[in-house]
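Worksheet: one structure, shown below.
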Amino acid sequence: MKEIVKTDRIQIDTIGCSDSQVIFFDDYVLKIEKEREESNNEHLMLQWLPGKLPVPCIYIAHKENGNNYLLMSKLKGQMAYSEYWLQRPKQQIHFMAEGLQILWAVNITDCPYRNDIKNKIRLAKYRVDNGLSGREDWEPETYGENGFKSPGELLDWLIDNQPEEELVFSHGDYCPPNIFIDNNTISGFIDLGRAGIADKWQDIALCVRSIGHNFGKNSNYITLLFEELGMEPNWEKINYYILLDELF
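Residue numbers (my numbering): 32 to 279.
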């Protein structure tokens with residue numbers, strides 16, 4: 032890797048919420064993550080998606096001591112979560128809607144990973160059974176007096192209330208830090224470990240949640256998102272996928 036990077040200037044990512052370590056160089060990004068299904072799938076997606084979506088190019092993929100190392104190209108532009116775009120919510124939401132439509136246009140015929148509800152429930156069950164569904168960033172209403180008593184109770188509810196799926200190519204963690212914009216064009220998508228075939232409302236739900244966090248749950252910007260998409264919100268599905276994501 033030193034032969035490729037050739038610089039001592041580095042910056043550590045402090046925005047992402049995953050348990051990976053991300054190091055920025057001048058023209059490259061190094062992502063270090065424990066080897067598991069999600070990190071293996073990111074490598075798989077970055078091999079499958081070129082020519083279908085703008086994604087980082089892999090220079091080196093290496094496994095050592097239970098960790099995955101991905102040295103990738105750095106995307107041009109700024110993430111949609113940058114201060115510039117947070118100060119321009121209407122424009123940011125326009126690009127978030129455009130990004131969804133770009134994802135949905137991907138032909139999923141030979142997509143190598145299926146991350147539908149059945150698979151997500153399987154992964155969620157493993158996390159609940161092994162005490163991995165920590166409460167650090169749960170929505171305040173998920174648990175407590177008017178919510179669920181435990182992650183296990185939430186998982187049971189999710190199993191019993193699975194909605195019908197509208198399958199498309201899904202990012203899986205669709206939020207502003209994972210979308211880049213350059214010259215008023217979406218320049219790429221990152222953090223693709225949960226990507227694959229899934230219900231379109233998976234990404235819509237996490238986008239709605241992000242808008243609520245960034246601009247207020249009762250803001251008109253959520254309405255604007257659906258105007259940009261040309262569709263009506265399905266709140267049952269939105270709430271379902273937000274709750275499902277609480278276990279990850």
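Don't be surprised by glycine CBs; every beta carbon is placed ideally from N, CA and C.
So residue i packs on residue j, CB below 8 Å; how close in whole Å?
i    : j    : result
G224 : S70  : 6 Å
L275 : K151 : 6 Å
S250 : P207 : Actually they do not touch by this definition, with Cβ atoms about 15 Å apart.
Can you list, in chain order, the residues of its chain whose CB lies under 8 Å from that of residue i, leaving out five sequence neighbours each side?
i    : result
K107 : F211, D213, S218 and G219
P87  : V60, L77, M103, S104, K105, L106, G219 and I221
E68  : L154
G178 : E172
Q139 : In the sequence as displayed, the identity of residue 139 is Ile instead of Gln. Here the set comprises L198, V199, F200 and I228.
F246 : P120 and Y252
Can you name the start and end residues of the alpha helix (DSSP H) that residue i belongs to?
i    : result
K83  : From DSSP, K83 is part of no alpha helix (DSSP H); its letter is neither H nor E.
T254 : Y252 to L260
N150 : I148 to D160
F200 : Element bounds for F200: not the alpha helix (DSSP H) but the beta strand (DSSP E), L198 to S201.
Q122 : P120 to W135
E114 : E114 to L117
Within the same chain, show all residues whose beta-carbon is closer than 7 Å to that of residue i, passing over the 5 residues directly before and after it, in chain order.
i    : result
N265 : W232
G183 : V159
K156 : L186
E129 : I217
Who are the near neighbours of residue i in its chain, counting only those whose CB is closer than 6 Å to its CB and skipping five residues on each side?
i    : result
E277 : W169 and T173
W116 : Q123
A226 : M76, H202 and G203
Y5   : Because residue 5 is not part of the residues shown, which for the chain are 32 to 279, the question remains open.
Which residues mark the beginning and the end of the beta strand (DSSP E) in which residue i is found?
i    : result
N93  : Here residue 93 is His; the residue named in the question, Asn, does not match the sequence. Run containing H93: I89 to E95, per the beta strand (DSSP E) assignment.
E64  : Y59 to K65
F246 : Here F246 belongs to no beta strand (DSSP E); instead the alpha helix (DSSP H) covers K231 to F246.
Y100 : N98 to S104
I54  : Q52 to F55
Roughly how many angstroms separate the alpha carbons of residue i and residue j, rounded to a whole number?
i    : j    : result
I273 : S51  : 22 Å
L256 : C238 : 9 Å
I63  : L163 : 19 Å
K149 : H202 : 17 Å
F56  : E267 : 42 Å
Y100 : E176 : 43 Å
Say yes only if the C-beta of residue i is nearer than 6 Å to one or more non-hydrogen atoms of the ligand SAH, and no if none qualify.
i   : result
I91 : Summarising the ligand content, the structure contains no ligands, and the ligand SAH is consequently not present.
Identify every residue that forms a DSSP beta bridge with residue i.
i    : result
Y174 : F179
L278 : None; L278 has no bridge partner.
T216 : D213
M110 : F211
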